[in-house]
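Step one of this worksheet: look at the structure below.
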Amino acid sequence: MGEAVRRGLVLGGGGTLGAAWTIGALATVHEELGFDPRTAELIIGTSAGAIIAALVGAGASAQDLYQHQLAEAVLDGPLAGQVFDYDNAAGGAVPLRPQRGIGSPKLIARSVRHPRRYPKTVVLSAFLPPGRGSLGDIGRMVEEVIPSGAWSPHPGVRIVAMDYDTGERVVFGEPGAPHVGLAEAVVASCSIPGWFTPAVIDGRRFVDGGAFSNTSLDLLVADALPGGRPLDEIYVVAPMAARGYDRPRTALGRLERGYRHRVTRQMLLEAREVRRGGSRVVILCPGPEDLAALGTNLMDPSRRAEVLATARQTTAAFLGGSRAVA
């Protein structure tokens, strides 16, 4: 018998609706291709993807996640009997009025001294005012399946956040990273600058890892893996990227699509680097029909059911065509 296929799973950020889209896509991938996310050797989660990575690492199947999003009973696994208010856990579609001031004067000073060191999204995040929102409900949900202070039972779970004062990407779960509980890491990874209060861990302030990279796919470059041995296949689910665009009529819509274009470009550059090492990369991201369902506010819970259903349909159609290979 040959060696088992070694797979990786990368789950990008995207707010409340991005999480719904990701879960719809994962459920379809499992049905269409037979890939069970729980079998991935490495699972990298950023922001909304960090929540899903935590649940998958705890043993939740793609179907469990889908049923849980629909408030249907989950009979087995870590989500059995768990009730969660997906619509209000992150505070709804509109953030609390932020505090006055600048989010990270230290990071701004660093970016002035070293202007080429930081992605533009890192620098922008530093100028945003400090957020007031709480992610306590998100942390408590993770602690319902993983005890407070403990890490995932899956040794390959990695949660990405950013040090808000240095601009450093921090990958919780990696050797040498700060030792934290999984719930703390997830909250740090989800702390959108300007929307939520930065997470404080051992005196350091952390914010959404998507400020550095929406997917951090480059963490799976062969040279960065133990022994320099590439994974055979990597599935990337990136709800903030796009594989096709619509024509939004509003200024906000055009701004959101512009940001998507930047996310997509960075992700494809990272995918190219990973592929050079010998890994097959399968990318799943929204198309025009999904963008219509998602709208421009990815924190708007009123669209969640529509996004879930649309993701199932469009992902199935896409997998049946191009196989989504980058």
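Numbering follows the numbering used here, with no gaps: position 83 of the sequence shown is 116. Glycine included, every Cβ here is placed at the ideal spot set by N, Cα and C. Treat the numbers as computed from the prediction; the structure is a model and nothing was measured.
Thinking just about the alpha-carbon of each residue, which of the options is nearest to the one in residue i?
i	options	result
Arg313	Val219, Ala159, Arg150 and Val254	Val254
Leu42	Arg71, Glu64 and Thr61	Arg71
Leu301	Arg143, His101, Ala271 and Ala244	Ala271
Ala122	Leu50, Arg309 and Val340	Leu50
Pro131	Leu108, Phe160, Lys139 and Gly114	Phe160
Thr154	Arg295, Leu324 and Gly311	Arg295
Glu303	Ala257, Arg262, Ala344 and Tyr278	Ala257
Gly310	Tyr197, Ala37 and Arg262	Arg262
Gly82	Val340, Gly243 and Arg143	Gly243
Leu59	Thr348, Gly353 and Val127	Thr348
Asp333	Ser185, Pro138 and Val127	Val127
Pro152	Arg298, Arg290, Phe205 and Glu217	Arg298
Pro259	Glu74, Asp196 and Arg146	Glu74
Gly206	Asp198, Tyr197, Cys223 and Ala183	Ala183
Val178	Asp323, Cys223, Ser144 and Ala113	Ala113
Leu140	Val175, Met195, Val213 and Gly110	Met195
Ser224	Glu36, Glu105, Val62 and Ser158	Ser158
His350	Leu331, Glu217, Cys318 and Ala232	Checking the sequence shown, residue 350 turns out to be Ala, not His. The shortest Cα separation from Ala350 among Leu331, Glu217, Cys318 and Ala232 belongs to Cys318.
Thr329	Arg282, Gly354 and Glu217	Arg282
His187	Ala93, Arg173 and Gln100	Ala93
Ala342	Arg40, Glu217 and Gln100	Gln100
Asp118	Arg173, Ser144 and Gln346	Arg173
Please state if the CB of residue j and the CB of residue i are separated by a distance shorter than 8 angstroms.
i	j	result
Arg305	Asp120	no
Ile234	Pro211	yes
Pro388	Gly200	For the chain, the structure presents residues 34 to 359; residue 388 sits outside this window and is missing.
Ala87	Leu215	yes
Leu103	Ile85	no
Val219	Ile171	yes
Ile267	Val315	yes
Pro321	Tyr292	no
Gly57	Ala344	yes
Tyr197	Arg238	yes
Gly90	Ser185	yes
Leu352	Leu66	yes
Asp265	Val62	no
Val340	Trp54	yes
Leu324	Ala275	yes
Going by DSSP, name the residue or residues bridged to residue i.
i	result
Tyr366	Lying outside 34 to 359, the shown extent of the chain, residue 366 is not represented and no answer is given.
Arg308	Arg308 is not bridged to any residue.
Ile234	Arg237
Phe229	Gly166
Quick one: give me the first and last residue of the alpha helix (DSSP H) that residue i is part of.
i	result
Thr79	Unbroken run through Thr79 is the beta strand (DSSP E), Leu75 to Thr79; no alpha helix (DSSP H).
Leu98	Ala95 to Gln102
Ala338	Arg337 to Leu352
Ser222	Leu215 to Cys223
Ile56	Gly48 to Leu66
Ala326	Pro321 to Leu327
Ile141	Pro138 to Arg146
For the beta strand (DSSP E) containing residue i, list its first residue and its last residue.
i	result
Val204	Arg202 to Phe205
Val155	Segment Lys153 to Phe160 is the alpha helix (DSSP H) holding Val155; no beta strand (DSSP E) there.
Ala194	Val190 to Asp196
Under a CB-based cut-off of 8 angstroms, is residue i close to chain B?
i	result
Gln299	Although the question refers to chain B, the structure presented lacks it and comprises just one protein chain.
Meets three-Cβ-pair contact criterion under 8 angstroms: the stretch 241-257 and the stretch 184-198
The answer is yes - the stretch 184-198 touches the stretch 241-257, with three or more Cβ pairs under 8 angstroms.
With contact counted as at least three CB pairs below 8 angstroms, one residue from each stretch, are the stretch 71-91 and the stretch 44-53 in contact?
Yes, they touch.
Pairing CB atoms from the stretch 237-250 with CB atoms from the stretch 260-276, are three or more of them under 8 angstroms?
By the Cβ rule, the stretch 237-250 counts as touching the stretch 260-276, because three or more pairs are nearer than 8 angstroms.
Taking contact to mean at least 3 C-beta pairs separated by less than 8 angstroms, is the stretch 218-236 in contact with the stretch 166-186?
Cβ pair count under 8 angstroms is three or more, so yes.
Please determine if the stretch 59-74 and the stretch 284-292 are in contact, where contact requires at least 3 C-beta pairs separated by less than 8 angstroms.
In this structure the stretch 59-74 does not touch the stretch 284-292; the number of beta carbon pairs closer than 8 angstroms is below three.
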